[in-house]
Structure formats: structure tokens, C-alpha cells
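Trainee: Just so we're aligned: the sequence shown equals residues 1221 to 1313 in my numbering. Ideal Cβ positions, reconstructed from N, Cα and C, are used throughout, including at glycine. Dropping the structure in here first, questions after.
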Amino acid sequence: MKIDLNIETTGDGTVVCAHCGATLGDSVQAPTTHALRHERPAEAAGPGVKADPALFADRQILLRQTFCPDCLVCLSTEITPGDEPVYRQWVLS
Ligand SMILES: [Zn+2]
């Protein structure tokens, strides 16, 4: 089943990259367990982040991205408070 342009599930429920077939998660309850995660200052998102986030928030704001471990396609991008203990993510049921 196609989840989005980059992610699909196989017949046994494994979540894989739609481009190269690499396993991203062992089940739909943990769909990106094997994805690569990268965290940088929010300004690394590019020219769309023009002001220092410290001007608007007391918490550190980060750019978080996940990638396929094989072909490195970007699976998700978010700008979020850095002290959040886990990545926000979707869960299939
Ligand atoms: Zn891939």
C-alpha cells in the first residue's frame, strides 16, 4: 500500500522506501524506526527562515529531517522545539 510518494508497505506489513525498497520500519506501528535522522539549527532550512528563532521562542528551535538509509531520499522535514523528546511522526493503524 502506498503511504505517500516515498513510503509504502509490503504484504507482511514492513514499511519500505518506495524508491529503493530499503526497510524503513518493521511494522506500521513503527514506520520509520530504521530511517536516518538529522538535526540542525532551524536556520539550516534555508532562506525561508530569516529571523533568529530566539527572537520568538524561549526554547531552541531545530530543523529535523529523516532520510532513507539506502538512497537518502528525504522522508520528512520539520522545524520543531529541540527539547521535544521524540520526533513527531505519523502512525498507521
Ligand atoms: Zn530509499
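#1: Does the beta-carbon distance from leucine 1283 to alanine 1264 come in below 8 angstroms?
#2: Can you give me the Cβ contacts of glutamine 1280 inside the same chain, cut-off strictly under 6 angstroms, excluding the 5 residues immediately before and after it?
#3: Grouping DSSP H, G and I as helix and E and B as strand, with all else coil, what is leucine 1292?
#4: Could you spell out the range, first to last residue, of the beta strand (DSSP E) harbouring arginine 1260?
#5: Determine the burial state of glutamine 1285: buried for a count of at least 16 other Cβ atoms within 10 Å of its Cβ, exposed for fewer.
#6: If you draw a straight line from the alpha carbon of isoleucine 1227 to that of phenylalanine 1276, how long is it in whole angstroms?
#7: Look up leucine 1225 in the DSSP assignment and say whether it is helix, strand or coil.
Mentor: So, from the listed chains and residues:
#1: The residue given as residue 1283 occupies position 63 in the sequence shown. The residue given as residue 1264 occupies position 44 in the sequence shown. Yes, these two residues count as a Cβ contact at 8 angstroms.
#2: Mapped onto the sequence shown, residue 1280 falls at position 60. Correct list, in chain order: Gly1302.
#3: As a first step, residue 1292 must be located in the sequence shown, where it is residue number 72. It is coil, neither helix nor strand.
#4: To locate residue 1260, count along the sequence shown from 1; it is residue 40. Per DSSP, arginine 1260 belongs to the beta strand (DSSP E) from 1256-1261.
#5: Within the sequence shown, numbered from 1, the residue matching residue 1285 stands at position 65. Under this definition glutamine 1285 is a buried residue.
#6: In the sequence shown, residue 1227 corresponds to position 7, counting from 1. In the sequence shown, residue 1276 corresponds to position 56, counting from 1. Between isoleucine 1227 and phenylalanine 1276, the C-alpha separation is close to 34 angstroms.
#7: To locate residue 1225, count along the sequence shown from 1; it is residue 5. The answer is coil: DSSP assigns leucine 1225 none of H, G, I, E or B.
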